[in-house]
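Trainee: Take a look at the following structure, please.
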Amino acid sequence: MTSPKHPPIRRDWLSKILAGTLLGFTLALGCSGLLVLALPQLPLPVKAQLAMWVVMPLWLGVLSGCFAFRDGRRAWLWLGGATALVLDLLVVARLS
Numbered sequence: 558m559t560s561p562k563h564p565p566i567r568r569d570w571l572s573k574i575l576a577g578t579l580l581g582f583t584l585a586l587g588c589s590g591l592l593v594l595a596l597p598q599l600p601l602p603v604k605a606q607l608a609m610w611v612v613m614p615l616w617l618g619v620l621s622g623c624f625a626f627r628d629g630r631r632a633w634l635w636l637g638g639a640t641a642l643v644l645d646l647l648v649v650a651r652l653s
């Protein structure tokens, strides 16, 4: 019987969890802000509720998807890049 290439639990799971938790939350907040700016025709109470309720599914989606990365460094790089892009888009949209 051959041994598996990777151990069942990899050592970098903590860095993946931290990347998904910290960067995923920031990414979800940024996406929520972009959604608010993209829907100006909605009334303010509806927009606020939509922005509030969309954060959790996005955050959990990113958190569960962070385990698809090969290692923790890639998770930090890709999620950090996506977060920076979304926050930059949010700043540009707010300024224009």
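In my numbering, each residue's number is its place in the sequence shown (first place is 1) plus 557.
Glycine included, C-beta positions come from ideal geometry on N, C-alpha and C.
Note that the structure is a prediction, hence the values are computed from the model and not measured.
What's the call for A576, buried or exposed, on a 16-neighbour Cβ count within 10 Å?
Mentor: In the sequence shown, the residue the question calls residue 576 occupies position 19. Burial call: buried.
Trainee: What residue from K573, I574, S589, T559 has the CA that sits closest to L644's CA?
Mentor: Residue 644 sits at position 87 when you count from the first residue of the sequence shown. Cα-wise, what sits closest to L644 is S589.
Trainee: If I follow the unbroken alpha helix (DSSP H) through L580, where does it start and stop?
Mentor: The count along the sequence shown starts at 1 and reaches residue 580 at position 23. Run containing L580: none; DSSP gives neither H nor E here.
Trainee: When DSSP labels each residue in this structure, what does D628 get in the three-state scheme?
Mentor: Residue 628 sits at position 71 when you count from the first residue of the sequence shown. Coil.
Trainee: Just to confirm my understanding: we take L647, look at its own chain, exclude 5 residues before and 5 after, and list those with CB closer than 8 Å. What are they?
Mentor: By 1-based counting over the sequence shown, the position of residue 647 is 90. Once the five neighbours on either side are set aside, the close Cβ partners of L647 are G587, G590, L591, L594.
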